[in-house]
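For the protein sequence lines, the chains are A and B, in the order given.
Numbering of the first sequence is given in this note's numbering, commencing with residue 5 and proceeding in unit increments.
Numbering of the second sequence is given in this note's numbering, commencing with residue 10 and proceeding in unit increments.
Inspection log for the structure reproduced underneath, given as structure tokens.
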Amino acid sequence: SQQGEEDPQALSIQEGENATMNCSYKTSINNLQWYRQNSGRGLVHLILIRSNEREKHSGRLRVTLDTSKKSSSLLITASRAADTASYFCATDAAETSGSRLTFGEGTQLTVNP
Amino acid sequence: EADIYQTPRYLVIGTGKKITLECSQTMGHDKMYWYQQDPGMELHLIHYSYGVNSTEKGDLSSESTVSRIRTEHFPLTLESARPSHTSQYLCASSEGPRVYGYTFGSGTRLTVV
């Protein structure tokens, strides 16, 4: 089973609307990270939130973390067509020595102009 | 702009051939990783390295091997390619993944015919 599972698997919205993606995980974590992947390309790191943080902002991105529910959400405000991509959450599990990220299955976001 | 480079970008090769996927980074990062990703699916960690002469197998069993003779170079080799190896291979590095996250290359899309 996946450490990180995103919901929904696919999301289609109109330009200007907000997009919310959710991620659930199973074990204790050091941090949770969100990445973006354009079709057929590598991933781009968006934001990292530590286990002792509850909310973080970066530009139009807002990430929340609820360690009691083992879940996180990524909100993209005022979406643009250029935001169309797959978004992955990744967890840095607390019990692993060193640091290896485990990725979820991703949410495919389509922003229609 | 990412300073991690993967070559080739695309590779179509016959069954039984030996191949090496190249990954180089110019950031001086100690930690490097190889992930395998099928289209539209999650990433699976197949190898990682925390420094020169240090390599470990990841969570997904893989017939590939890696080496880390220089900090900047982390090549992946398949001794005998098979159609089941068809996938996208993503290389990443990090200065300190618990603080900064990963930097990914653009990936190598491998097709074995």
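Backbone N, C-alpha and C define an ideal beta-carbon position, used for all residues, glycine too.
Counting every other CB atom within 10 Å of its CB across the protein chains shown gives A/THR111 a total of 16 or more, marking it as buried. If you check the CB distance, B/LEU119 and B/LEU52 do not come in under 8 Å. DSSP places A/GLN41 in the uninterrupted beta strand (DSSP E) bounded by 33-41.
If you check each beta-carbon in the region 78-105 of chain A against every beta-carbon of chain B, the ones closer than 9 Å belong to SER90, PHE92, ALA94, ASP96, GLY102, SER103, ARG104, LEU105.
Taken atom to atom, the span from the alpha-carbon of B/ALA90 to that of B/ILE22 is near 8 Å.
Across the region 97-112 of chain B, CB contacts with chain A closer than 9 Å involve GLN97, LEU99, CYS100, ALA101, SER103, GLY105, PRO106, ARG107, VAL108, TYR109, GLY110, TYR111, THR112, in sequence order along the chain. In terms of Cα proximity to A/ASN42, the closest of B/THR29, B/SER115, B/VAL122 is B/SER115.
Scanning A/PRO117, A/PHE92, A/THR114 for the CA closest to the CA of A/TYR29 turns up A/PHE92.
The beta-carbon distance between B/ILE55 and B/GLY67, rounded to whole angstroms, is 5 Å. This is short enough to meet the 8 Å contact definition. For B/TYR57, the residues of chain A that pass the 7 Å Cβ criterion are ARG104, in the order they occur in the chain. Interface flag for A/GLU109 against chain B is set, since a Cβ pair is found closer than 8 Å.
For A/MET25, the pairing in a beta bridge is given by DSSP as A/LEU78.
Taking a beta-carbon distance threshold of 8 Å, B/GLY114 counts as an interface residue toward chain A.
Pairing A/ASN35 with A/THR114, the inter-Cα distance amounts to about 27 Å.
The C-alpha of A/GLU19 is placed about 31 Å away from the C-alpha of A/LEU105. Cβ proximity to chain B below 9 Å picks out ARG45, GLY46, LEU47, VAL48, HIS49, LEU50, ILE51, LEU52, ARG54 from the region 45-60 of chain A. With respect to the C-alpha of A/LEU65, the residue from A/ARG58, A/LYS74, A/SER83 having the closest C-alpha is A/SER83.
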